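Numbering-wise (full-length UniProt numbering), the sequence shown opens with residue 1 and increments by one.
Cβ atoms here follow ideal geometry from the backbone N, Cα and C, with glycine treated the same way.
Since this is a predicted model, take the numbers as computed values, not measurements.
Take a look at the structure set out below.
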Amino acid sequence: MAPLAGDPKTIVQDHINKHKVMIFSKTTCPFCKKGWSHDYLLFTVWAEFLSGAAQDQDICQISRHAENFSEWPDIWTDSIEKFGGPNGFLGGAMIICSLLFGQNFYLEQHRIKIYVRYPDMLKTFQNGQTFGPTVLKNLVDRMDFYNGGFIQSSLAEISGQRTVPNVYINGSHLGGCDSALAAHASNKLLPLINPSTDQYDYDLIVIGGGSGGLAASKEAASLGKKVAVLDFVKPTPVGTAWGLGGTCVNVGCIPKKLMHQAAILGHSLEDARKFGWEFDEKVSHNWDTMKSAIQDYIGSLNWKYRVELRDRSVDYFNSFGEFKDPHTIKATNKRGKVQDLTAAHFLLAMGMRPRYLGIPGDKEYCITSDDLFSLKYCPGKTLVVGASYVALECAGFLAGIGLDVTVMVRSILLRGFDQQMAEKIGDYMANHSIKMIREAVPTKIEQIEKGEPGKLKVTAKYVKTGEEFVGEYNTVLLGIGRDACTNGIGLDKVGINLNPKNGQVIAEAETTNVPHIHAIGDILDGKPELTPVAIQAGRLLARRLFGGGKEQCDYTYVATTVFTPLEYGACGFSEEDAIAKYGEENIEVYHSNYRPLEWTVPGREENACYAKLVCLKTENERVIGLHVVGPNAGEMTQGYAVALKCGATKAHFDTTIGIHPTTSEVFTSLSTTKSSGLPVDQAGC
Numbered sequence: 001m002a003p004l005a006g007d008p009k010t011i012v013q014d015h016i017n018k019h020k021v022m023i024f025s026k027t028t029c030p031f032c033k034k035g036w037s038h039d040y041l042l043f044t045v046w047a048e049f050l051s052g053a054a055q056d057q058d059i060c061q062i063s064r065h066a067e068n069f070s071e072w073p074d075i076w077t078d079s080i081e082k083f084g085g086p087n088g089f090l091g092g093a094m095i096i097c098s099l100l101f102g103q104n105f106y107l108e109q110h111r112i113k114i115y116v117r118y119p120d121m122l123k124t125f126q127n128g129q130t131f132g133p134t135v136l137k138n139l140v141d142r143m144d145f146y147n148g149g150f151i152q153s154s155l156a157e158i159s160g161q162r163t164v165p166n167v168y169i170n171g172s173h174l175g176g177c178d179s180a181l182a183a184h185a186s187n188k189l190l191p192l193i194n195p196s197t198d199q200y201d202y203d204l205i206v207i208g209g210g211s212g213g214l215a216a217s218k219e220a221a222s223l224g225k226k227v228a229v230l231d232f233v234k235p236t237p238v239g240t241a242w243g244l245g246g247t248c249v250n251v252g253c254i255p256k257k258l259m260h261q262a263a264i265l266g267h268s269l270e271d272a273r274k275f276g277w278e279f280d281e282k283v284s285h286n287w288d289t290m291k292s293a294i295q296d297y298i299g300s301l302n303w304k305y306r307v308e309l310r311d312r313s314v315d316y317f318n319s320f321g322e323f324k325d326p327h328t329i330k331a332t333n334k335r336g337k338v339q340d341l342t343a344a345h346f347l348l349a350m351g352m353r354p355r356y357l358g359i360p361g362d363k364e365y366c367i368t369s370d371d372l373f374s375l376k377y378c379p380g381k382t383l384v385v386g387a388s389y390v391a392l393e394c395a396g397f398l399a400g401i402g403l404d405v406t407v408m409v410r411s412i413l414l415r416g417f418d419q420q421m422a423e424k425i426g427d428y429m430a431n432h433s434i435k436m437i438r439e440a441v442p443t444k445i446e447q448i449e450k451g452e453p454g455k456l457k458v459t460a461k462y463v464k465t466g467e468e469f470v471g472e473y474n475t476v477l478l479g480i481g482r483d484a485c486t487n488g489i490g491l492d493k494v495g496i497n498l499n500p501k502n503g504q505v506i507a508e509a510e511t512t513n514v515p516h517i518h519a520i521g522d523i524l525d526g527k528p529e530l531t532p533v534a535i536q537a538g539r540l541l542a543r544r545l546f547g548g549g550k551e552q553c554d555y556t557y558v559a560t561t562v563f564t565p566l567e568y569g570a571c572g573f574s575e576e577d578a579i580a581k582y583g584e585e586n587i588e589v590y591h592s593n594y595r596p597l598e599w600t601v602p603g604r605e606e607n608a609c610y611a612k613l614v615c616l617k618t619e620n621e622r623v624i625g626l627h628v629v630g631p632n633a634g635e636m637t638q639g640y641a642v643a644l645k646c647g648a649t650k651a652h653f654d655t656t657i658g659i660h661p662t663t664s665e666v667f668t669s670l671s672t673t674k675s676s677g678l679p680v681d682q683a684g685c
């Protein structure tokens with residue numbers, strides 16, 4: 001090939017100045033290849049070119065079919081801008097590569113597809129389907145093999161480094177492979193590529209240190225953005241507060257599931273004797289031992305999250321955030337110190353807190369789930385007020401560890417869930433030592449005796465008759481619902497639209513009516529109030545904001561579980577919602593009771609467990625709802641969520657061979673329809 005036309009140093013310097021990222025590399029260099037095998041594919045460089053040898057016919061045919069072009073390299077972008085093959089470049093076997101492509105990196109909004117013949121590098125990248133949605137929009141240039149020495153001499157004159165790979169970012173010399181990988185490992189690479197030119201302190205400020213906020217902050221930081229997290233827990237009326245991590249980690253999913261497990265172990269001890277285990281008749285539970293072990297684990301998670309933020313160079317403020325203007329937050333710490341922080345983008349991720357009754361004595365004497373899991377004393381005889389999943393879950397594990405528990409419910413159980421399943425849960429709880437007071441509401445809470453737990457007098461009335469009810473309990477636990485933490489943070493000052501009925505944020509694709517203010521998690525109006533949903537939404541939002549990502553969070557067919565004594569797993573439409581949306585004539589329900597094999601020896605109930613599939617007849621009986629009550633319902637439901645998202649029909653379930661003997665196999669053999677009116681009781685295997 002012909003030598004370079006012009007001064008090599010001038011040409012090299014021109015390429016350095018023209019492109020954000022320039023990587024000088026060659027095929028024979030082992031350090032250049034090091035980037036190819038790096039876990040993050042930090043530098044994806046192709047440097048093997050044809051010199052009259054036979055070309056790979058398969059790849060060639062693809063390219064020829066697409067654009068009647070079969071020379072190498074054949075380079076495209078998603079904007080349908082075709083850079084062409086060797087005739088369109090400087091040519092040769094040394095490469096100047098400005099393509100930076102990493103598993104965790106999303107830069108600007110351009111994609112590149114490259115076909116090459118080099119055997120180990122035959123890959124097609126289109127729209128980030130393999131490693132991520134975006135890469136830098138820069139050319140991939142080829143330099144003539146015979147000019148390699150001139151180019152390296154020019155590099156030595158410019159930067160003092162003759163060796164390759166030789167990396168320049170925004171016209172400045174970074175170094176070789178090790179320097180680039182070190183910059184990546186310390187989260188300094190992308191800030192070098194896209195230095196902030198804004199007048200703000202941060203690219204993103206996240207208000208709320210829960211699971212969703214943390215996920216979004218770490219993702220944004222990995223994309224090279226400067227991020228801060230504000231997390232502040234207002235103590236409950238009885239003084240409970242907690243560390244970084246939000247509701248799920250501190251006062252929700254994690255301690256709830258662990259206390260649920262404690263209750264399950266208690267039931268297992270009851271069954272154990274039937275399986276031949278012998279031990280003293282008296283078995284007792286120690287609240288303090290359980291509570292301390294769970295709190296120790298939660299503390300380790302709090303510390304882990306702090307370390308993760310530090311390692312990703314995310315600034316953490318244990319401060320309460322309040323908007324002063326659309327781009328400024330007033331941050332106030334627990335000592336009252338105030339500082340202003342500015343950002344280009346804000347993410348609202350404050351979550352929710354328990355609601356109180358608004359009656360005399362509720363805040364003075366009642367506790368909520370925010371207090372229960374770190375309670376310093378055993379609650380004793382407990383009244384749980386409410387029919388939410390929080391109320392029923394707490395009532396379940398408190399009864400499971402041997403406490404006297406009563407549940408007071410105003411109306412229906414588990415509003416928003418399938419009501420047939422909710423009633424089955426209520427019946428099971430009532431049959432297993434939990435007293436149920438239906439259609440009643442407390443009107444007054446009074447303290448009779450101080451102490452830990454002390455004694456309280458509860459006055460209530462029945463909704464329909466107005467008849468008064470009076471009872472004495474050691475603890476009153478409220479589980480009547482939760483409110484979005486959107487008050488008092490200045491959302492009115494910046495004009496954020498809220499649903500006036502519930503105070504939740506109205507947002508489209510996690511972006512509010514103020515374009516640079518976003519929201520995720522429980523505070524979003526009309527979205528599932530679940531930790532994994534917030535995490536997914538947060539990560540995807542960060543990628544769209546800062547990496548050119550396009551994927552939206554899919555809120556359909558999100559599986560969930562209620563960890564009541566008889567667990568309830570659900571995915572998709574409830575039976576009521578399916579009928580309301582599609583019409584009763586278009587819905588068929590396949591259902592059955594079942595009995596876990598593990599229940600047979602200890603003689604547990606035969607027909608307490610139940611499963612059903614809600615199917616849409618007009619779409620070949622596509623399964624649009626799956627519901628199950630029974631042990632380990634959550635573990636059963638998770639996998640089926642994939643099937644529902646993929647559009648599985650009843651026939652798919654029928655042709656799937658179950659694992660025997662398991663409880664989950666019930667879904668592969670459902671044959672009785674509700675419309676038939678036939679019984680669904682089960683007996684035997």
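What separation, rounded to the nearest whole angstrom, lies between the Cα atoms of L626 and C646? Along the sequence shown, one-based indexing puts residue 626 at 626. Along the sequence shown, one-based indexing puts residue 646 at 646. Each residue's Cα considered, the two are about 14 Å apart.
What's the gap between the Cα of A542 and the Cα of A507? If you number the sequence shown from 1, residue 542 lands on position 542. If you number the sequence shown from 1, residue 507 lands on position 507. Separation of A542 and A507 (C-alpha to C-alpha, rounded to the nearest whole angstrom) is 16 Å.
For the stretch 203-232, list the alpha helix (DSSP H) runs that are entirely contained and at least 4 residues long, ordered along the chain. Uninterrupted alpha helix (DSSP H) stretches at least 4 residues long and entirely within the stretch 203-232 occur at 211-222, given in chain order.
Kindly indicate which residue of I448, S292, G402, M429 has the alpha-carbon position closest to the one of E364. For the purposes of this step, residue 364 is taken as the residue at position 364 of the sequence shown. The shortest CA-to-CA distance from E364 to any of I448, S292, G402, M429 is the one to I448.
Starting from H591, follow the beta strand (DSSP E) in both directions and report where the run begins and ends. Against the sequence shown, residue 591 aligns to sequence position 591. Run containing H591: 587-594, per the beta strand (DSSP E) assignment.
Once you ignore the five residues that flank P360 on each side, which residues in its own chain have a CB closer than 6 Å to its CB? For the purposes of this step, residue 360 is taken as the residue at position 360 of the sequence shown. The answer, listed in chain order, is K444.
Element boundaries [beta strand (DSSP E), containing D288]: To locate residue 288, count along the sequence shown from 1; it is residue 288. Looking at the DSSP string, D288 is not in any beta strand (DSSP E); the run it does join, the alpha helix (DSSP H), is 287-311.
On the criterion of 16 or more Cβ atoms from any shown chain inside 10 Å, does Y297 qualify as buried, or is it exposed? The sequence position of residue 297 within the sequence shown is 297, counting from 1. That one is exposed.
Buried versus exposed call for E467 [16 or more other C-beta atoms within 10 Å across all chains shown]: Here residue 467 corresponds to residue number 467 of the sequence shown, with the count starting at 1. So E467 counts as exposed.
Span of the beta strand (DSSP E) around L383: Here residue 383 refers to the residue found at position 383 of the sequence shown. Residues 382-385.
Considering Cα atoms alone, identify which of D203, G252, S217, K9 is closest to D522. One-based indexing of the sequence shown puts residue 522 at position 522. Considering only D203, G252, S217, K9, the residue with the shortest C-alpha distance to D522 is G252.
Per the contact definition of three or more C-beta pairs closer than 8 Å, is the stretch 235-248 in contact with the stretch 262-271? In short, these stretches do not touch, since the Cβ pair count stays below three.
Which residues share a DSSP beta bridge with Y557? As a working mapping, residue 557 is identified with position 557 in the sequence shown. Beta-bridge pairing links Y557 to no other residue.
What are the boundary residues of the alpha helix (DSSP H) that I169 is part of? Residue 169 sits at position 169 when you count from the first residue of the sequence shown. Premise fails: I169 lies in the beta strand (DSSP E), 166-169, not in any alpha helix (DSSP H).
3 or more residues per run - each beta strand (DSSP E) lying fully within the stretch 524-571: Within the stretch 524-571, the runs of beta strand (DSSP E) at least 3 residues long that lie entirely inside it are, in chain order, 560-562.
Between the C-alpha atoms of T512 and L174, what's the straight-line distance to the nearest angstrom? In the sequence shown, the residue the question calls residue 512 occupies position 512. In the sequence shown, the residue the question calls residue 174 occupies position 174. Separation of T512 and L174 (C-alpha to C-alpha, rounded to the nearest whole angstrom) is 39 Å.
S671 and G658: beta carbons closer than 8 Å? As a first step, residue 671 is located in the sequence shown; it is residue number 671 there, counting from the start. As a first step, residue 658 is located in the sequence shown; it is residue number 658 there, counting from the start. Contact flag unset, no.
Put F373 into one of helix, strand or coil per three-state DSSP. Along the sequence shown, read from residue 1 onward, the residue named residue 373 stands at position 373. DSSP, reduced to helix, strand and coil, places F373 outside both helices and strands of the structure shown, so it counts as coil.
Give me whichever residues DSSP pairs with L456 in a beta bridge. What you label residue 456 is simply residue 456 of the sequence shown in a count that begins at 1. L456 pairs with Q447, Y473.
Throw me the rounded Cβ distance for the E157 and K9 pair, which I believe falls under 8 Å. Here residue 157 corresponds to residue number 157 of the sequence shown, with the count starting at 1. Here residue 9 corresponds to residue number 9 of the sequence shown, with the count starting at 1. Rounded, the Cβ-Cβ distance is 6 Å, consistent with contact.
Would you decide whether H184 is buried or exposed? Buried here means 16 or more other CB atoms lie within 10 Å of its CB. Walking along the sequence shown from the start, residue 184 turns up at place 184. Result: buried.
Would you call G479 buried or exposed, if buried means 16 or more other Cβ atoms sit within 10 Å of its Cβ? By one-based count along the sequence shown, residue 479 stands at place 479. Buried, because 16 or more other Cβ atoms sit within 10 Å of the Cβ of G479.
Please return the same chain residues whose Cβ sits closer than 7 Å to the Cβ of M636, not counting the five positions on each side in sequence. In the sequence shown, residue 636 corresponds to position 636, counting from 1. Hits under 7 Å: G569, V628, T663, S664.
Which same chain residues, not among the five before or five after D340, have their C-beta less than 8 Å away from its C-beta? For the purposes of this step, residue 340 is taken as residue 340 along the sequence shown, with counting starting at 1. Here D340 has K324, T328, I329, K330, A331 as same chain residues with Cβ atoms under 8 Å from its own Cβ, once five neighbours each way along the sequence are excluded.
So for E157, helix, strand or coil by DSSP? Reading the sequence shown from its first residue, position 157 is the one you call residue 157. Of the three classes helix, strand and coil, the one that applies to E157 here is helix, per DSSP.
Under the DSSP definition of a beta bridge, which residues are partnered with R482? To locate residue 482, count along the sequence shown from 1; it is residue 482. Answer by DSSP bridge pairing, in chain order: P354.
With hydrogens ignored, establish whether the beta-carbon of K381 is closer than 7 Å to any heavy atom of the ligand FMN. The ligand FMN is not among the ligands present in this structure, which contains no ligands whatsoever.
Where does G246 sit, in a helix, a strand or coil, going by DSSP? By 1-based counting over the sequence shown, the position of residue 246 is 246. For G246, the three-state secondary structure derived from DSSP is helix.
Could you round the C-beta distance between P255 and I294 to whole angstroms and report it? I think they count as a contact, below 8 Å. In the sequence shown, counting from the first residue as 1, residue 255 sits at position 255. In the sequence shown, counting from the first residue as 1, residue 294 sits at position 294. Approximately 5 Å separates the beta-carbon atoms of P255 and I294; this is inside 8 Å, confirming the contact.
Can you tell me the Cα-Cα spacing of P235 and N333, whole angstroms? Walking along the sequence shown from the start, residue 235 turns up at place 235. Walking along the sequence shown from the start, residue 333 turns up at place 333. Spanning the two alpha carbons is a distance of roughly 13 Å.
Is the stretch 412-423 touching the stretch 574-583 in the sense that three or more CB pairs, one from each, lie closer than 8 Å? Yes: the two stretches touch, three or more of their Cβ pairs being nearer than 8 Å.
Apart from the five residues on each side of it in sequence, which residues of its chain come closer than 6 Å, Cβ to Cβ, to residue 741? There is no way to answer for residue 741, as the model of the chain reaches only from 1 to 685.
For G213, I'd like the list of residues in its chain whose CB is within less than 6 Å of its CB, leaving aside the five on either flank, ordered along the chain. On the sequence shown, residue 213 is found 213 positions in, with the first residue counted as 1. Excluding its 5 nearest sequence neighbours in each direction, G213 has C-beta neighbours in its own chain below 6 Å: V206, A349, listed in chain order.
Pull up the distance between the alpha-carbon of S159 and that of D315, whole angstroms please. For the purposes of this step, residue 159 is identified with residue 159 of the sequence shown, where counting begins at 1. For the purposes of this step, residue 315 is identified with residue 315 of the sequence shown, where counting begins at 1. Distance between the alpha carbons of S159 and D315: 34 Å.
Within 10 Å of its beta-carbon, does V307 have 16 or more other beta-carbons around it, so buried, or fewer, so exposed? The residue labelled residue 307 in the question sits at position 307 within the sequence shown. Around the beta carbon of V307, fewer than 16 other beta carbons sit within 10 angstroms, so the residue counts as exposed.
According to the neighbour-count rule (16 or more other Cβ atoms, all chains shown, within 10 Å of its Cβ), is W277 buried or exposed? What you label residue 277 is simply residue 277 of the sequence shown in a count that begins at 1. W277 is exposed by the Cβ-count criterion.
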